[in-house]
Amino acid sequence: MQKLQKTYNKFLGKMAFISDKLHQNKIASKILKTLKNYARIILSFMVVAWIVITITFLLIHSLPGSAITGNLDDQQRHLLEIKYGLDKSIFSQYWIFIGNLFKGDLGTSITVDAGTPITDFLWKKMAVSFKIGAIALL
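Okay, here's the thing in structure tokens:
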């Protein structure tokens with residue numbers, strides 16, 4: 082009878098070990114599934130952001146007229162086109178635009194606080210938005 086009890090206890094010990102391993106595998110499986118979902122969400126966000134950025138770029142460039150307006154002669158207009166890269170092909174402008182976005186360079190303002198980087202302007206406005214959001218959460 083004692084031998085049977087030992088065998089039974091051994092069996093229970095092995096079953097507990099197997100159960101722990103299965104439980105760990107279930108946890109690992111859940112973690113892996115969660116990580117896959119996060120990766121899918123991040124990838125989806127990146128694709129949607131790229132599509133929105135590309136459509137916005139193309140829409141802006143499809144507008145009639147020029148980005149450079151005012152009482153300028155041809156030489157001044159040409160110098161400004163060179164300065165802002167508008168003399169390059171739309172394909173080159175797009176890749177320069179994408180490269181600058183990855184660097185966080187959104188250009189400089191030509192209307193509000195002329196010459197000020199757009200990112201500085203956005204950070205000032207975003208600080209106010211964050212304060213309002215924080216107040217709304219309270």
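Position 26 of the sequence shown, counted from 1, bears residue number 107 in our numbering, the numbering being contiguous throughout. The C-beta atom is built at its ideal place from N, Cα and C for all residues, glycine as well. Computed from a predicted model, the values in this text were never measured in an experiment.
query                                                                                                         : result
Other residues of its chain near L187: CB distance less than 8 Å, five sequence neighbours each side excluded : N181, P198, I199, T200 and L203
Identified DSSP bridge partners for V198                                                                      : Residue identity differs from the one stated: residue 198 is Pro in this sequence, not Val. Paired residue(s): T189.
Any 3 or more C-beta pairs closer than 8 Å across the segment 113-124 and the segment 164-182                 : no
Backbone CA spacing between L153 and A195 [nearest angstrom]                                                  : 18 Å
K117 - DSSP class collapsed to helix/strand/coil                                                              : helix
Coil, strand or helix - N181 by DSSP                                                                          : helix
DSSP-derived helix/strand/coil call for G214                                                                  : helix
Element boundaries [alpha helix (DSSP H), containing L161]                                                    : D155 to Y165
Alpha-carbon to alpha-carbon, I108 and V209                                                                   : 42 Å
Buried versus exposed call for F178 [16 or more other C-beta atoms within 10 Å across all chains shown]       : buried
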